[in-house]
Amino acid sequence: MLTAPIAHVGRPPAPHDLWSAWNPDPLVVGSLLVAMWLYQRGRTPGRRPSDVLRARCFWAAMAAVAVALVSPVDRMSTALASAHMVQHVLLVLVAAPLLALSAPASTLLRGSPLVVRQSPGVLRRRLARGASTAALLRQPGAVWLAHVATLWFWHAAVPYDAALASGLIHAVEHGTFLLTGVLFWRTVVGG
Numbered sequence: 042m043l044t045a046p047i048a049h050v051g052r053p054p055a056p057h058d059l060w061s062a063w064n065p066d067p068l069v070v071g072s073l074l075v076a077m078w079l080y081q082r083g084r085t086p087g088r089r090p091s092d093v094l095r096a097r098c099f100w101a102a103m104a105a106v107a108v109a110l111v112s113p114v115d116r117m118s119t120a121l122a123s124a125h126m127v128q129h130v131l132l133v134l135v136a137a138p139l140l141a142l143s144a145p146a147s148t149l150l151r152g153s154p155l156v157v158r159q160s161p162g163v164l165r166r167r168l169a170r171g172a173s174t175a176a177l178l179r180q181p182g183a184v185w186l187a188h189v190a191t192l193w194f195w196h197a198a199v200p201y202d203a204a205l206a207s208g209l210i211h212a213v214e215h216g217t218f219l220l221t222g223v224l225f226w227r228t229v230v231g232g
């Protein structure tokens, strides 16, 4: 049974308060800072045009995520459904394709501590039976279906209301948008 979604509660910040309406959530800010630090640390000194383009895409993706989750857009999203949808658009249609184009996995891994760099090999050997799952994540139809299902799920009344009522559920919503968005866009851009 579908219920009517609860209204966005609260008031948007007044125009003169916008610049003080940033979201200092340590999990969001910390995650962005760690990702940027690992990426910068893992970059190789080469200046091939493709490396420069990938780096620019990564930094633009980080900026889009920051605008969606740290800037006053986040504060406005608690009161305005339109601002909430702007967050979703920034994550799915701006940050996700930019991350797919940047293909940051190897750069982030190079920037990670040795124990982290060694763990993917161990994990890969342990998950050898899961190779079909990894192959499935590269199939355009399967990835498209997962992405569309994620978008539909979170915009149904009950999960949508739950995301509005709980910061943790809202973070999971945004994380799944970004994850399935990157998987989808990776198949589109051929990453």
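Residues 42 to 232, numbered by our numbering, are exactly what the sequence shown covers, in order. Ideal Cβ positions, reconstructed from N, Cα and C, are used throughout, including at glycine. The structure displayed is predicted, hence computed values, not measured ones.
Just confirm the distance between the C-beta atoms of residue 215 and residue 132, as a whole number of angstroms; I'd bet it's less than 8 Å.
Right, the Cβ-Cβ distance comes to about 6 Å (below 8 Å), so this counts as a contact.
Is the CB-CB distance between residue 101 and residue 139 below 8 Å?
Going by C-beta atoms, residue 101 is nearer than 8 Å to residue 139.
Apply the 10 Å Cβ neighbour rule to residue 126 and answer buried if 16 or more other Cβ atoms are within range, or exposed otherwise.
Result: exposed.
When the Cα atoms are used, what is the spatial distance from residue 59 to residue 217?
Taking the straight line from one Cα to the other gives about 28 Å.
Where in the segment 132-218 do unbroken runs of the alpha helix (DSSP H), each at least 4 residues long, occur, reported from the N-terminal end onward?
Complete alpha helix (DSSP H) runs here, min 4: 137-143, 146-152, 155-167, 172-177, 181-196 and 198-206.
Would you say residue 143 and residue 99 are within 8 Å of each other, going by their C-beta atoms?
A contact, by the Cβ cut-off of 8 Å.
Can you have a look at residue 180 and say buried or exposed, based on whether 16 or more other CB atoms are within 10 angstroms of its CB?
Exposed: under 16 other Cβ atoms inside 10 Å.
Would you report the Cα separation of residue 195 and residue 121, rounded to the nearest angstrom?
If you take the alpha carbons of residue 195 and residue 121, they lie about 17 Å apart.
Can the beta-carbon of residue 177 be found less than 8 Å from the beta-carbon of residue 224?
Contact: no.
Whose C-beta lies closer than 7 Å to the C-beta of residue 70 among residues of the same chain, with five residues either side of it excluded?
These residues qualify, in order along the chain: 111.
I'd like the span of the alpha helix (DSSP H) that includes residue 82, first residue to last.
First-last of the alpha helix (DSSP H) with residue 82: 67-83.
Do the segment 112-119 and the segment 143-159 make contact, defined as three or more Cβ pairs closer than 8 Å?
Not touching, per the Cβ criterion.
Quick check: residue 152 and residue 79, are their CB atoms within less than 8 Å of each other?
In this structure, residue 79 lies closer than 8 Å to residue 152 by Cβ.
Do you know how far the Cα of residue 193 is from the Cα of residue 160?
Their Cα atoms are separated by approximately 34 Å.
Under three-state DSSP, which class holds residue 231?
Three-state result, residue 231: coil.
Residue 106 to residue 136, Cα distance in whole Å?
One C-alpha to the other measures close to 6 Å.
Measuring only the C-alpha atoms, how far is residue 46 from residue 198?
With a pLDDT of 47 at residue 46, under the threshold of 50, the modelled position of that residue is not reliable, and the figure given next carries that caveat. Roughly 5 Å between the two C-alpha positions.
Ignore the nearest five residues each way along the sequence and tell me which others in residue 109's own chain have a CB closer than 6 Å to its CB.
Answer for residue 109: 128, 131 and 132, listed in chain order.
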